[in-house]
Each structure stands twice: as structure tokens, then as C-alpha cells.
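Top to bottom, those sequences are chains A and B. Take the first sequence: its position 40, counting from 1, is numbered 39 in numbering that gives the first Met the number 0, and each next residue is one higher. Take the second sequence: its position 94, counting from 1, is numbered 93 in numbering that gives the first Met the number 0, and each next residue is one higher.
Protein chains: 2
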Amino acid sequence: METTVKPKKLVRTSARTTGGSLSSNGGNGSRDGASRGALDSFQLQALSFFVHAFAALSLPRSIGEIYGLLFSTEEALSLDDIIERLLISKGSASEGLRWLRSLGAVNPVYLPGVRKEHFTAETSLRKLATGYLRDRINPHLENGPERLRLLQESIVEGMPQSSFQKSRIGQVAGWYKFMGKILPLVKALAGKF
Amino acid sequence: METTVKPKKLVRTSARTTGGSLSSNGGNGSRDGASRGALDSFQLQALSFFVHAFAALSLPRSIGEIYGLLFSTEEALSLDDIIERLLISKGSASEGLRWLRSLGAVNPVYLPGVRKEHFTAETSLRKLATGYLRDRINPHLENGPERLRLLQESIVEGMPQSSFQKSRIGQVAGWYKFMGKILPLVKALAGKF
DNA sequence: CAGAATGTTCAAGAAATTTTGAACAAAAAT
DNA sequence: ATTTTTGTTCAAAATTTCTTGAACATTCTG
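Pasting the structure below:
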């Protein structure tokens, strides 16, 4: 649930990586082995920012790190670039990227003559909000009617408390109506930023 | 992060409780020891509903259970009533109740001549939304300006990427503006339900 | 086609969170 | 003042979630 804020290390100190090949070095100034984990101050600050922001949504650190890195880097980065700079495992990077992709929070960039997929951060509030709502909120709302029905059917008619129970059902129905009103509003407003 | 939905038992099967005193039995029909864990079908369905809903916000099962029980029960319940009906520990019940109270999701009910504190569920969407935003969203927004400043100060002037970095800062500033616009809207609309 | 490069999956381990239960504190009753 | 009732706190245990890394699948290259 996370009530108190604990200090967390920003970049892992462990040096083990998958031992894989070096970066494709999509165009930034740094060079090869010497560049591992070398992030500029803006990138470091962005990692801190997004790890914190994503944690507010109870999302894992690795996802915040990946988005933060892409957000703060002008060039598109490959999976290996991300692994190398963040010192995270291939598995984390792959799954984190998959999650961000499904949300629409990262954009694939097709570079002619380059095999590896490269990504940049999507920063449009409209797209981010839409993706988040679609992937993480709508699924819960979609089975709302079904859940409401189950609740209704659980009422035993004629019991002394059934009148109270019906009023509770009414409340829940109202909550769903509220969600139905507010979500389009959020999307609409997000479109203006 | 929870991507796939796993089946979770609704009511614990273990029978150990704190071994404490029996319920004050705030007025419902059931009696003493025989009533332990005896929930009607509406209450069971409500538990399922709220455990699921709270899980969507990454909140622990115990909190969903407590709110679900209070929501589906007409009488005010005491800490011991909750422990007895949900078969959860005193610690969970106490901390869960504390959390719900700080949010404003439960209301203390003062019963004349009764020592134990009793609670009912708060169901007003306005109060629930306000409490949630106040306790769980605002804290993150409040240090927004500070975080934005740190981000700005991390830019090294004159670097080739500093122009890109400034445009990113602009995006983040926009996100904060959006939050400043949308939250009052949410509160206002919640007031109408 | 064989070999290399790239990316995914998932079992096992690590880390974080939640729950328990007993010790403790506070308030009320006797 | 002592005992009882009520509720809180927190270390340890249980559980859940995240990360790792190696095996696997797939696609490209020569």
C-alpha cells in the first residue's frame, strides 16, 4: 500500500548484466564499454522523477526507469541500449517495454538498415491518458454490469435488510454512472494539453 | 503490477483469531460463537466486489474486505465485530480501519453507553473521491513544483541536447497544469452523485 | 541451411508488501 | 489503585510481486 516514503537507490550498483553484446549506439556521443550506465544529470533526474511518479500508480520501478530513460533521451533506444544504461536484466527490460508499448507510452522508431527495434517516449497526454484508461481502468468498468447483477441477485427478497441492500445497489449504480461521465471528460481535457 | 487475474479465496479458511472476547453484537440477529464468519449472500458478494475494486487501486485485500463488510451491513460494527466476521487479525483490522478512517471512507458512530467504537461505511461519492484525492493524489502533486525545479536545474546549458531537454520540461509542466484542471472537475462532478 | 542476432518466456531467487499475534498503551470500570 | 476493556504498534512470518538469467523461439544473414 505504501504509506511512508522510503529512500530507494536510483541506479543499481550491481554490475551483472546479461553479458550480451554491446550497444548499437543509436547516435549519442558516448562510446562502447566505457559508456555503461553513464547517464547525464538530466537523465538521472528524469529517472528519479518517473520512478516516483509510476510508484504513485503502484507500478514497478523498472517501468518507471525505462520510461524515464526514453523520456530524457532524444535518440531512439533499443532493448540493449536500455539494458546497458539502466543495468537491468533482459527480462525486465523486455517485459517493461512490452507493458509500455501496450499502453502506447512508447513509440517504435523504424531506422533504415537497423535490425533492432528502437523506441522513443510518447509524451502526448492524450495518448498516455487514453492508453492508461483503456488498459487499466476500462477492463474493470466493463464487467461492472455483470458485478452489479451478481450483487443484485444476492439479495434475498423479503429479508428485513433487503430494503437497505437495494439502496446500496443504487449507490453502486451511481458510481458506475459517475465513471461513465468522468472518463470521457478526462480524455477530452487531456486532448488539450 | 498484476496483469493476470488469479483466483483468491474470499474468506480465509483458517480459524485462528486473536482469541479475544466475543462481539458486542451491535444489533444483528446472529448469536455469539455460532455466528463467526456467518455472512449473508449479499455481504459475501459485496466482499468480492470491493476486494476486486480496491485491488484495482493496488490496495490490500484486508482493506477491501473491511469496507465491503461495512458497506453491506446496516448496523455499525466494532473492531471486534469486523475481526470476528472476516476472520482477520486484530492488527490488520486496526490498520485497515485506520486507513479507511483517514480517507473518510468510514464514519464513526457513537452509541450511547457503548465503549467500543463502531463504524459504518461512507458511501457519498463526493466524500470518497475527495478523501482519495487528498490522501493519495495531492501529496504527489504538492511536490510537483519542487520536482520540476530539480529537473530544470539538472539541465546543463550549452549542451547540444539542452534544447530538447527544455522541451521535455515544457511537457511535464503541461501535465501538472492538466492535473490542476482535472481534479477540481472530478470533485465537482462527484458532488452530483 | 547453419549460424548469428534479436527478442520473449518463465522458473527460481530476491525484494517488497501484507498479515499475524503478542506486547504495549490508554481509558474506563470496579 | 488495580483490573478489565479497548485499541495500537511492530517484529516476524506469510504472501505477493518483481527481477534475473538462461532456455527457447523467431527472424535475419551469409
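All C-beta atoms in this analysis are idealised placements derived from N, C-alpha and C, irrespective of residue type, glycine included. On a predicted model such as this, the values are computed, not experimentally measured, just so you know.
Start and end residues, alpha helix (DSSP H) containing residue i
i                : result
Ala189 (chain A) : 161-189
Ala104 (chain A) : That residue, Ala104 (chain A), is in no alpha helix (DSSP H); it is neither H nor E in DSSP.
Asp134 (chain B) : That residue, Asp134 (chain B), is in no alpha helix (DSSP H); it is neither H nor E in DSSP.
Gly67 (chain B)  : 60-70
Pro144 (chain B) : 143-152
Val50 (chain A)  : 40-55
Met83 (chain B)  : Here residue 83 (chain B) turns out to be Glu, not Met, going by the sequence shown. Residues 78-85.
Spatially closest choice to residue i from the options, by CA coordinates
i                : options                                : result
Arg146 (chain A) : A:Val171, A:Ser166, A:Lys165, A:Ser123 : A:Val171
Thr122 (chain A) : A:Ala55, A:Leu58, A:Arg100             : A:Arg100
Ser124 (chain A) : B:Phe177, B:Ala55, B:Gly90             : Checking the sequence shown, residue 124 (chain A) turns out to be Leu, not Ser. Out of B:Phe177, B:Ala55, B:Gly90, B:Phe177 has the C-alpha closest to the C-alpha of Leu124 (chain A).
Gly95 (chain B)  : B:Gly190, B:Arg133, B:Val50, B:Ser40   : B:Val50
Gly173 (chain A) : A:Ser153, A:Lys115, A:Leu149, A:Gly143 : A:Gly143
Arg127 (chain B) : B:Asp39, B:Phe48, B:Phe192             : Checking the sequence shown, residue 127 (chain B) turns out to be Leu, not Arg. Looking at the Cα atoms, B:Phe192 is the closest of the given residues.
Phe53 (chain A)  : A:Leu150, A:Ala189, A:Tyr131           : A:Tyr131
Ser91 (chain B)  : B:Ala55, B:Gln44, B:Leu78              : B:Leu78
Ser162 (chain B) : A:Arg167, A:Gln44, A:Glu73             : A:Glu73
Gln44 (chain B)  : A:Arg148, A:Tyr175, A:Gln42, A:Gln160  : A:Arg148
Ile220 (chain B) : A:Lys89, A:Ser88, A:Ala187, A:Ser71    : Missing from the structure shown is residue 220 (chain B); chain B here goes from 0 to 192 and no further.
Ser93 (chain A)  : A:Ile62, A:Leu182, A:Gly179            : A:Ile62
Gln42 (chain A)  : B:Ser166, B:Lys180, B:Leu150, B:Gly179 : B:Leu150
Phe186 (chain A) : A:Pro159, A:Gln160, A:Gln164, A:Thr129 : The amino acid at residue 186 (chain A) is misidentified as Phe; the sequence shows Lys. For Lys186 (chain A), the nearest C-alpha among the options comes from A:Thr129.
Ile82 (chain A)  : A:Gly112, A:His117, A:Pro159           : A:His117
Ser197 (chain A) : B:Leu182, B:Gln160, B:Tyr175           : In the structure displayed, chain A extends from 0 to 192; residue 197 (chain A) sits before or after that span and is not available.
8 Å contact criterion, which residue i and residue j should meet: CB distance rounded
i                : j                : result
Leu85 (chain A)  : Leu76 (chain A)  : Going by Cβ atoms, the distance from Leu85 (chain A) to Leu76 (chain A) rounds to 10 Å, so no, they are not a contact pair.
Ala120 (chain A) : Val105 (chain A) : 6 Å
Leu102 (chain B) : Asp80 (chain B)  : Not quite, the Cβ-Cβ distance comes to about 20 Å (not below 8 Å), so this is no contact.
His139 (chain A) : Ala55 (chain B)  : 5 Å
Ser57 (chain A)  : Ser57 (chain B)  : 4 Å
Where the beta strand (DSSP E) containing residue i begins and where it ends
i                : result
Ala120 (chain B) : 117-120
Buried or exposed by the 16-neighbour rule on C-beta atoms within 10 Å, applied to residue i
i                : result
Ala37 (chain A)  : exposed
Gly67 (chain A)  : buried
Glu152 (chain A) : exposed
Leu184 (chain B) : exposed
Arg15 (chain A)  : Any reading at Arg15 (chain A) is ruled out, since the residue's pLDDT is 36, under 50, leaving its predicted position unreliable.
Arg114 (chain B) : exposed
Ser47 (chain B)  : buried
Arg97 (chain B)  : exposed
Arg60 (chain A)  : buried
Glu64 (chain B)  : buried
Ala33 (chain A)  : In this prediction, Ala33 (chain A) scores a pLDDT of 33, lower than 50, which makes its location untrustworthy; the coordinate-derived value is nonetheless stated afterwards. Exposed is the call here.
Glu141 (chain B) : exposed
Glu156 (chain A) : exposed
Lys180 (chain B) : exposed
Asn137 (chain A) : exposed
Gly19 (chain B)  : Low local confidence applies: a pLDDT of 33 at Gly19 (chain B) is under 50, so the model's placement there is unreliable, with the coordinate-based value given in what follows. Counting Cβ neighbours within 10 Å, Gly19 (chain B) comes out exposed, since fewer than 16 surround it.
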